[in-house]
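Notes follow once the structure below has been shown.
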Amino acid sequence: MLFRSTIAWGFYALGVVHFVHGWVYRIIDSFDYNLGLKIVWVILALVLVDYVIQLLKVFHVNVREKFEQLRRLVLK
Numbered sequence: 587m588l589f590r591s592t593i594a595w596g597f598y599a600l601g602v603v604h605f606v607h608g609w610v611y612r613i614i615d616s617f618d619y620n621l622g623l624k625i626v627w628v629i630l631a632l633v634l635v636d637y638v639i640q641l642l643k644v645f646h647v648n649v650r651e652k653f654e655q656l657r658r659l660v661l662k
């Protein structure tokens with residue numbers, strides 16, 4: 587069973603590389619370089635925000651509580 591699954595994934599990968607890869611390149615090449623660069627920076631910023639949010643959730647950091655503690659410390 588594992589052997590058949592591996593073969594299926596191999597054909598899937600070949601299909602992605604053969605068909606989807608060229609299509610994605612054509613879409614990317616249709617954009618202006620500077621616009622593409624701005625889009626990449628926005629995507630990276632969104633990924634960074636999501637990454638930080640997920641880390642805060644994993645480590646059970648209560649941002650509102652920390653903000654209030656910092657606010658009380660600054661206002662003293």
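Numbering (the working numbering), first residue to last: 587 to 662.
Yeah, the Cβ is synthetic: ideal placement off N, Cα and C, and Gly gets one too.
- Counting only the Cα atoms, His-604 lies some 13 Å from Arg-612.
- Shown here, Asp-618 sits in coil according to DSSP, grouped into three states, outside any helix or strand.
- Where Val-649 is concerned, the enclosing alpha helix (DSSP H) starts and stops at 649-661.
- Residue state for Phe-597 is assigned as helix, using DSSP reduced to three classes.
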